[in-house]
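Just below is one structure, and these are the notes that go with it.
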Amino acid sequence: MRLSSNQIYTQRVDNITSSQSRWMTEGNKISSGRRVEKPSDDPMAASQAVMVKQSEARNQQYATARGFAKNSMSLQMSLSSQMVNITTKIQETLVAAGNDGALSDEDRASLAEQLSGLKDQLVGIGNTKDGVGRYVFAGFQTDKPPFVADKTGKITYQGGDKQITQKVDSNIEMVSNFTGIETLQSSGGKGTEPDIFNALDEAISALREPLVGKPQADRDAALDKINTANRVNRATLNNISSVEAKLGLQLQELDNLDDLGADTSLRNAKRLSELRDLDWTQAISDYYQEESVLQASYKVFNDMKEMSMFKMYR
1 MRLSSNQIYT QRVDNITSSQ SRWMTEGNKI SSGRRVEKPS DDPMAASQAV
51 MVKQSEARNQ QYATARGFAK NSMSLQMSLS SQMVNITTKI QETLVAAGND
101 GALSDEDRAS LAEQLSGLKD QLVGIGNTKD GVGRYVFAGF QTDKPPFVAD
151 KTGKITYQGG DKQITQKVDS NIEMVSNFTG IETLQSSGGK GTEPDIFNAL
201 DEAISALREP LVGKPQADRD AALDKINTAN RVNRATLNNI SSVEAKLGLQ
251 LQELDNLDDL GADTSLRNAK RLSELRDLDW TQAISDYYQE ESVLQASYKV
301 FNDMKEMSMF KMYR
């Protein structure tokens, strides 16, 4: 089959266009540093790259979740530490108040004021807000203070009874916010006993009542209220310490998960590079090879233009 000059001309132009396209493609790869720019470059690698990117996106979501959880836990741990200090002072004050025979009515009144101040501090910490205005110990009812005084001054818990949890890894969920019930609403292990605030109210009231000249039964009743408050306070201190310990362990685990997450990110980045990035030695070789092919195509085309038969059709 004989080819006409026009057919040969068209064929050579197509060769040049094809060579130029391949050469520019190699140049673009070098410019971007990517071997796979679009799925058609390497469908299998492109598909795997999508899966790796999805894996890393999930990894980063959990990293963000751990950051939020750490902030919440760190704040609660700091507040729990303050609660431990206050309940320890309450315990010391109640022990002193229990030394009934050595105290005057003025001494007892002074201890009552100390306990009242410590109780107010405890309520204040229990009603702490975080950086965005949410009550830390209110469970899911974060828009209202959890510890509220009624008309008589009695403190009641009005927050939520469910912990706030955070999913910090694919199969791990942690408590990011413990409730006020778990920290301060202790009955000392006995359902008939009051919580810490009401127990303190009873002890404060007993200490404010003068006992000079009163019968021993009155002294015994006052001492019983002080002992009850001491017992409930010890249980509350144990609860707070338990929450503090749990928070500490969780924070350690979050640090470990962050380390694992960082390792996962490195592996994902390495795998993504293997799938998409250039082998620079090969890429530069391919670039110059395509450039040589293009130059050869130009030369063949120019040589043809000089042929006499070709000149007849110009």
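All the letters of the sequence shown, read from the start, carry residue numbers 1 to 314 under UniProt numbering. Note that beta-carbon positions come from the ideal geometry of N, C-alpha and C, so glycine has one too.
For L257, the closest alpha carbon among the candidates D220, V232, G159 and A69 is that of A69. Going by beta carbons, R276 and A49 fall inside the 8 angstroms limit. Taking 4 residues as the minimum length, the alpha helix (DSSP H) runs contained wholly in the stretch 108 to 184 are 180 to 184, in order along the chain. V123 and G139 have their C-alpha atoms roughly 16 angstroms apart.
Closest in alpha carbon position to Q82, among I164, G126, I155 and M44, is G126. In the three-state reduction of the DSSP assignment, S40 falls in the helix class, which pools H, G and I. Counting along the chain, the unbroken alpha helix (DSSP H) around L251 starts and ends at Q216 to R276.
Counting C-beta atoms within 10 angstroms of its own C-beta, S104 has fewer than 16 neighbours from the protein chains shown and is therefore classed as exposed.
Per DSSP, D201 is one residue of the alpha helix (DSSP H) stretching across I196 to R208.
Nearest neighbour of F147 by Cα position, chosen from L211, I164 and Q185, turns out to be Q185. Put simply, of E202, G159 and D169 the residue whose alpha carbon is nearest the alpha carbon of G153 is E202.
Note on geometry: alpha-carbon atoms of N71 and K38 lie some 40 angstroms from one another. Relative to T128, the option among P145, K89, D150 and A206 whose CA is nearest is P145.
The Cβ atoms of I204 and A112 lie closer than 8 angstroms to each other. Taking the CA atoms as reference points, L211 sits about 54 angstroms from E253. Out of K246, V52 and N59, the CA that lies nearest to the CA of M174 is found in K246. If you ignore the 5 residues before and after K119, its C-beta comes within less than 7 angstroms of the C-beta of F197 and L200, all in its own chain and listed in chain order. A distance below 8 angstroms separates the beta carbons of V84 and E244.
Under the three-state reduction of DSSP output, S81 falls in the helix class.
Take A262, set aside five residues on each side of it, and no residue of its chain has a beta-carbon closer than 8 angstroms to its own.
Nearest in C-alpha terms to A206, of all of L223, P215, P43 and N230, is L223.
Within the same chain, G139, V175, N177, F178 and T179 come within 7 angstroms of Q163 by CB-CB distance, once the 5 residues on both sides are set aside. Here the alpha carbons of Q250 and M44 stand approximately 41 angstroms from one another. Distance from the Cα of I240 is smallest, within the candidate group R134, T228 and S78, for S78.
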